[in-house]
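Trainee: Take this structure, written in structure tokens, and hold onto it; I'll ask about it next.
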Amino acid sequence: MEYNFREIEANWQKYWAENETFKAENPALSRAEGELNKPKFYVLDMFPYPSGAGLHVGHPLGYIASDIYARYKRHKGFNVLHPQGYDSFGLPAEQYAIQTGQHPAITTEANIATYRKQLDKIGFSFDWSREVRTSDPKYYKWTQWIFIQLFNSYYCKDADQARSISELEEVFTAEGNTRINAACDDDVQTFTAEDWNSFSEEEKQKILLKYRLTYLSETEVNWCPDLGTVLANDEIVNGVSERGGHPVVRKKMKQWSMRITAYAQRLLDGLNKIDWPQPLKDSQTYWIGRSEGAMVSFPVIPAEAGISSRENISVFTTRPDTIFGVSFMTLAPEHELVSKITTEAQKAEVEAYVKATAKRSELDRMADVKTISGVFTGAYALHPFTGEKVQIWIGDYVLASYGTGAVMAVPCGDQRDYDFAKHFGLEIPNIFQDVDISEEANADKDNSIIANSDFLNGLPYKKAMKRIIYEIEQRGFGYGKINYRLRDAVFSRQRYWGEPFPVYYKNGLPQMIDEKYLPLELPEVEKYLPTEDGKPPLGNATVWAWDTVKNEVVSNEKINNETVFPLELNTMPGWAGSSQYFNRYMDSQNEDEIFSQEAVNYWQDVDLYIGGSEHATGHLLYSRFWQKFMFDRGFVPKDEYAKKLINQGMITGTSAFVKRLDAQLHKYEDGKLKSAEGLSGIPAIFISENKKIQDYQEYIVNHIKKYVSEEILEEFNNTNNLRFNVGQSKIHSDVSFVNSHDELDIEAFKNWRSEFKNAEFILEEDGTFKVSREVEKMSKSKYNVVNPDQICEEYGADSLRLFEMFLGPLEQSKPWKTSGISGVYSFLKKLWKLYHSGENGAFFVSDDEPTKDEFKVLHKTIKKVEDDIENFSFNTSVSTFMIAVNELTALKCNKRTILEPLAIIIEPYAPHIAEELWSKLGHTTSISTVDFPVFEPKYLVESSKEYPVSFNGKMRFKIELPLDLTKEEIEAAVMAHEKTKEQLQGRIPKKVIVVPGKIVNVVG
RNA sequence: GCAGAAGUGGUGGAAUUGGUAGACACGCUGGACUUAAAAUCCAGUGGACAGUAAUGUCCGUGCGGGUUCAAGUCCCGCCUUCUGUACCA
-4 MEYNFREIEA NWQKYWAENE TFKAENPALS RAEGELNKPK FYVLDMFPYP SGAGLHVGHP
56 LGYIASDIYA RYKRHKGFNV LHPQGYDSFG LPAEQYAIQT GQHPAITTEA NIATYRKQLD
116 KIGFSFDWSR EVRTSDPKYY KWTQWIFIQL FNSYYCKDAD QARSISELEE VFTAEGNTRI
176 NAACDDDVQT FTAEDWNSFS EEEKQKILLK YRLTYLSETE VNWCPDLGTV LANDEIVNGV
236 SERGGHPVVR KKMKQWSMRI TAYAQRLLDG LNKIDWPQPL KDSQTYWIGR SEGAMVSFPV
296 IPAEAGISSR ENISVFTTRP DTIFGVSFMT LAPEHELVSK ITTEAQKAEV EAYVKATAKR
356 SELDRMADVK TISGVFTGAY ALHPFTGEKV QIWIGDYVLA SYGTGAVMAV PCGDQRDYDF
416 AKHFGLEIPN IFQDVDISEE ANADKDNSII ANSDFLNGLP YKKAMKRIIY EIEQRGFGYG
476 KINYRLRDAV FSRQRYWGEP FPVYYKNGLP QMIDEKYLPL ELPEVEKYLP TEDGKPPLGN
536 ATVWAWDTVK NEVVSNEKIN NETVFPLELN TMPGWAGSSQ YFNRYMDSQN EDEIFSQEAV
596 NYWQDVDLYI GGSEHATGHL LYSRFWQKFM FDRGFVPKDE YAKKLINQGM ITGTSAFVKR
656 LDAQLHKYED GKLKSAEGLS GIPAIFISEN KKIQDYQEYI VNHIKKYVSE EILEEFNNTN
716 NLRFNVGQSK IHSDVSFVNS HDELDIEAFK NWRSEFKNAE FILEEDGTFK VSREVEKMSK
776 SKYNVVNPDQ ICEEYGADSL RLFEMFLGPL EQSKPWKTSG ISGVYSFLKK LWKLYHSGEN
836 GAFFVSDDEP TKDEFKVLHK TIKKVEDDIE NFSFNTSVST FMIAVNELTA LKCNKRTILE
896 PLAIIIEPYA PHIAEELWSK LGHTTSISTV DFPVFEPKYL VESSKEYPVS FNGKMRFKIE
956 LPLDLTKEEI EAAVMAHEKT KEQLQGRIPK KVIVVPGKIV NVVG
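Okay, structure coming up:
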């Protein structure tokens, strides 16, 4: 019987779906069925965004790996949770809606259907009964719910956890905010209990907003007026929008932010207790960017600045020990003091500079490190320790968004300050002992001693730091501080296709909709674009007001600002829905709670999470933040949600290029080139990879002559003034037209585009047309996307699964080349044959006792595959299976005792064929939860070893010796060997190294 | 610039604590079966040199050093590629 993968795979996929084979039971249900004894194991994939292009072969790489692991754990007796869903809010669907008017929900639905079909074909063991979609109101109800919880919480720094905002109100009522140590906005004023109690409700709300974990704030954003939207840094190229090239300006907007900075230290500390890849941890560590230093105040000298008020410039510095080296200060151009302190004389220049800077995007400013620019404000500050006057400058190398937006410049110790000082001819005092600073600044803190610094003289870095922070605090100039690079995360988007905020506005102040009226569903709109007056797309909705009496969404016309209020027009960002989905899977159909405590206490956390490293500082940081918040508020039992994480490598595409000849008409006059113009209307000529144009000059010219006008032809034939110049260019061919030998399917290529219809092809000697290949990112525009469906169709899902694993280590990125797939396919056929040794290939296994060799092959394989899966080395276990099947085939093994366990260990990798063989072996239930065979070392015990014998480290021959020999006996046996004598040629060895069971090395 | 990962045959890759470099697979070459092709099966396959041959010698894991009886693996110094990040005071 033939290995008919099409039939086999379709049958078992149907069986799994009908029998809900992979449904993970929650404890309550299990108890009823009396099978609670299994330990839990949670295997999670990063869920996909369902794009219109469908799944490509890069997606399943991680999914196959996690599926193997999940299936393996089922064999090991675990109750495995292995869910899947869709991150279905997102820009492409909205973009499509803008272009076509098609509602994003419809596009999304269709795309999900495609994804599901594709996923099903690969035979994943997902528990689809738990599927979530972030754009489903039943799901985003809980995203909105978490938002409300965040709004109703503040961060208590003393307890180092989030607490209910009502606790804070109680404290305010009793004693004001003087003793509160909480994460909050910078501009919070102190107040007493009396103050608080005399505040109006509105004032109270305004103050509380400054403490809430999600809060409204003025944020500087990249605003693109023409698109009516805010752009991310990477959506801006050369100061204009990537899409359409519209101008972009910096603008302040009121937006929701998440107070993630409150969690900076815990996000850092938590990295120590999770098993995530080091590079990923490194990038989170860097992103959080902890630095220790001090805040120091420099008073502005009022007389010089022409101001009457006392102003201070506070700066954050990591090197307060170098404070005696300060020779000037630099403010970011956006710094609020700039306009106040600038003198009349400098005003014009400063204003021009500030204006010029505002036009440049942050990215732009940062990319351009070489140009040094800045302007003197005319004002001076007082050095707190020396009492000297220092100039105050502005410069765009200082960023408003980091620290305080101002620096104390120490040119002798910081290269940027140094460059700035050199450029503008400012003083560079040296405060380092015996260090030459004539060429560059001295940033080496570990090997320098402070000098010219009063009480710090002679101290090394660490001691100087301690002393100066003490002095700064003693004298009231500032305090020691830990600063973080991490900023609060902007949580508003001016988009349609995202979660609506459960927020309405009363007198401009945000109010939460009561939890019990969630979800607040997305309204219908006429257009998905921003409104004409620059409001987000939800501004187009006509029924988008909240009635606080009826507690429902009503028409905007009813807004009276007494009982009916306008709703928030922004929507949540892409990462909102993905920040808690892993917990929702534990109890995804629960309509009363985000998840039951029973479910979350049973499943606890994710045991294995697989996904791409591109989410390192986005999803993977925000989700840890939300998890810690949920933990603080007692909703989840763990403050880190994923014990182990693996990044699968990217699969790159192998693009195919064809060489096209491009003809130009060159006109000459008196032997000199006068003009060159392209020739249109000539069918393209393509030349195969190994052919040279030079050999086809005449052919090409004759080809061109057939299509040019008669005048040109006449001039060409009768004068020397015209030539046809031929160049070549590389153009992408769709990879589906190319076979594994790099040969192009010419007919398919011709039909691909109308302009190729009449193209001519210069072939290789063997009549084929060869393309060249290059590795590039897999993308639609490069025509190198390969869909898994094609592979499933041609070779089957089991082949695809094996092949994707066989490509190489999971974590490495690798190019997709299908040339090796026939190897795994023929492996499956060989496997099938092992069980079909009957007449005419009929199924047959014998019940005879296996031989020693057969047992050895089986147990060697069990051991290796088990080790490989535990180490996520899936590529090597595929080789192991191949070796096992090759060896068993050579042994003509057909013993049930061997072939049954073999089917089980292969099942995680190739589940369809394994199920089929299992049922042929006479079993009536699925193989998926059968116990994994137990490795028995006794089958691998050897009595002898073939020792490699080396001379001076070079292996020369092998000698078979019993394993129970002593070192001396081994040495004697080796020395007695005739080849040893040959090698030594009479020399007496200096030393003989014997490692029993391993190697013998003769030296000398 | 900084951080991280990687560099091994024609190709993807293997070598788990330093101990036989190139497992397994693709490709290629030759052969069997076939009218033929596909499929399948068998044999060979890092390079150079010597030999009719069995075989032997030398060179070989990005480059240059080092440690060791022994280095793809450990140490020092470089080079290249990829990924992430961007003046962080």
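First residue of the first sequence: -4, per my numbering; consecutive thereafter.
We put the beta carbon where it would ideally sit given N, CA and C, even for glycine.
Cutting at 6 Å between CB atoms, please list the residues of its own chain near residue 567, excluding the five before and the five after it.
Mentor: Correct list, in chain order: 493 and 494.
Trainee: Check this for me: beta carbons of residue 129 and residue 82, under 8 Å apart or not?
Mentor: Yes, they are a contact pair.
Trainee: If you drop the 5 nearest sequence neighbours on each side, which residues of the same chain put their C-beta closer than 8 Å to that of residue 579?
Mentor: These residues qualify, in order along the chain: 127, 134, 137, 589 and 590.
Trainee: Just reading off the alpha helix (DSSP H) that residue 103 is part of, what are its end residues?
Mentor: 99 to 116 is the extent of the alpha helix (DSSP H) around residue 103.
Trainee: Can you check the stretch 602 to 689 for any alpha helix (DSSP H) of at least 4 residues that lies completely inside it and give the ranges in chain order?
Mentor: Listed in chain order, they are 614 to 627.
Trainee: Give the secondary structure of residue 738 by DSSP, where H, G and I count as helix, E and B as strand, and everything else as coil.
Mentor: Strand at residue 738.
Trainee: Between the alpha carbons of residue 486 and residue 916, how many angstroms are there, rounded?
Mentor: One C-alpha to the other measures close to 57 Å.
Trainee: Taking one C-beta from the stretch 469 to 482 and one from the stretch 503 to 510 each time, how about it: are there three or more such pairs within less than 8 Å?
Mentor: With the cut-off at 8 Å, the stretch 469 to 482 and the stretch 503 to 510 do not touch.
Trainee: Is residue 921 helix, strand or coil by DSSP?
Mentor: Residue state, collapsed to three classes: coil.
Trainee: Compute the Euclidean distance between the alpha carbons of residue 599 and residue 632, then round it to the nearest angstrom.
Mentor: For residue 599 and residue 632, the distance between alpha carbons rounds to 6 Å.
Trainee: Starting from residue 874 and walking both ways along the alpha helix (DSSP H), at which residues does that stretch end?
Mentor: First-last of the alpha helix (DSSP H) with residue 874: 869 to 885.
Trainee: For residue 719, which residues from the same chain have a beta carbon less than 6 Å from its beta carbon, with the 5 sequence-adjacent residues on both sides left out?
Mentor: For residue 719, where only same-chain residues beyond five positions count, the Cβ hits under 6 Å are 658, 696 and 699.
Trainee: Write down the C-beta distance between residue 620 and residue 283 rounded to the nearest angstrom, noting that I regard them as a contact closer than 8 Å.
Mentor: With 8 Å as the limit, residue 620 and residue 283 do not qualify as a contact, their Cβ atoms being about 11 Å apart.
Trainee: Just verifying my parser: in three-state terms, what is the DSSP assignment at residue 930?
Mentor: Three-state DSSP puts residue 930 in coil, outside helix and strand.
Trainee: The alpha helix (DSSP H) with residue 977 in it runs from where to where?
Mentor: Residue 977 -> alpha helix (DSSP H) spans 973 to 979.
Trainee: State the DSSP-derived secondary structure class of residue 465, mapped to helix, strand or coil.
Mentor: In this structure, residue 465 counts as helix in the three-state DSSP scheme.
Trainee: Quick check: what's the CA-CA separation for residue 339 versus residue 324?
Mentor: Residue 339 and residue 324: Cα-Cα distance of roughly 19 Å.
Trainee: Taking all protein chains shown into account, do 16 or more other C-beta atoms lie within 10 angstroms of the C-beta of residue 765, making it buried, or fewer, making it exposed?
Mentor: With 16 or more other Cβ atoms within 10 Å, it is buried.
Trainee: So, at 8 Å on beta carbons, what are the nonlocal neighbours of residue 960 in its own chain, with the 5 sequence-adjacent residues on each side left out?
Mentor: Result list for residue 960: 968 and 991, in chain order.
Trainee: Would you mind reading off the limits of the beta strand (DSSP E) that contains residue 727?
Mentor: Counting along the chain, the beta strand (DSSP E) containing residue 727 begins and ends at 717 to 728.
Trainee: Going by the DSSP bridge assignment, what does residue 771 pair with across the sheet?
Mentor: According to DSSP, which records beta bridges pairwise, residue 771 is partnered with 648.
Trainee: Pull the bridge partners of residue 500 from the DSSP assignment, please.
Mentor: For residue 500, which the question treats as bridged, DSSP gives the partners 505.
Trainee: Please list, in chain order, all residues of the same chain as residue 383 whose beta carbon is under 8 Å from its beta carbon, the five residues on each side excluded.
Mentor: Answer for residue 383: 377, listed in chain order.
Trainee: If you measure between the beta carbons of residue 691 and residue 640, is that distance less than 8 Å?
Mentor: Not in contact: residue 691 and residue 640 (Cβ atoms no closer than 8 Å).
Trainee: Please give me, in chain order, every unbroken run of the beta strand (DSSP E) with length at least 3 that falls completely inside the stretch 739 to 768.
Mentor: Whole beta strand (DSSP E) segments, 3+ residues: 755 to 757.
Trainee: Have a look at residue -1 and residue 650 and give me their C-alpha separation to the nearest angstrom.
Mentor: Their Cα atoms are separated by approximately 32 Å.
Trainee: DSSP state of residue 29, grouped into three classes?
Mentor: Confidence is the limiting factor: at residue 29 the pLDDT is only 49, short of 50, which leaves the residue's position unreliable, though a coordinate-based value still follows. It is coil, neither helix nor strand.
Trainee: Within its chain, find whatever has a CB closer than 7 Å to the CB of residue 710; leave out the 5 residues flanking it on each side and keep chain order.
Mentor: 716 and 717.
Trainee: Just mark residue 29 as buried or exposed, buried being the case when its beta carbon has 16 or more other beta carbons within 10 Å.
Mentor: Unreliable positioning characterises residue 29 in this predicted model, as indicated by a pLDDT of 49, which lies under 50. The coordinate reading is nonetheless provided below. Burial call: exposed.
Trainee: At the level of alpha carbons, what is the spacing between residue 401 and residue 290?
Mentor: Going by the C-alpha atoms only, they are around 11 Å apart.
Trainee: For residue 40, is the classification buried or exposed, using 16 other Cβ atoms within 10 angstroms of its Cβ as the cut-off for buried?
Mentor: Residue 40 comes out buried.
Trainee: With a 10 Å radius around its C-beta and 16 neighbouring C-beta atoms as the bar for buried, classify residue 409 as buried or exposed.
Mentor: Flag for residue 409 reads buried.
Trainee: Taking the beta carbon of residue 418 as the centre, do at least 16 other beta carbons fall within 10 Å, making it buried, or is it exposed?
Mentor: Residue 418 is exposed by the Cβ-count criterion.
Trainee: Measure the Cβ-Cβ separation of residue 332 and residue 306 and say whether it is below 8 Å.
Mentor: Yes; because the gap between Cβ atoms is below 8 Å, this pair is in contact.
Trainee: Does the beta-carbon of residue 322 have 16 or more other beta-carbons within 10 angstroms, so that it is buried, or is it exposed?
Mentor: Residue 322 is buried by the Cβ-count criterion.
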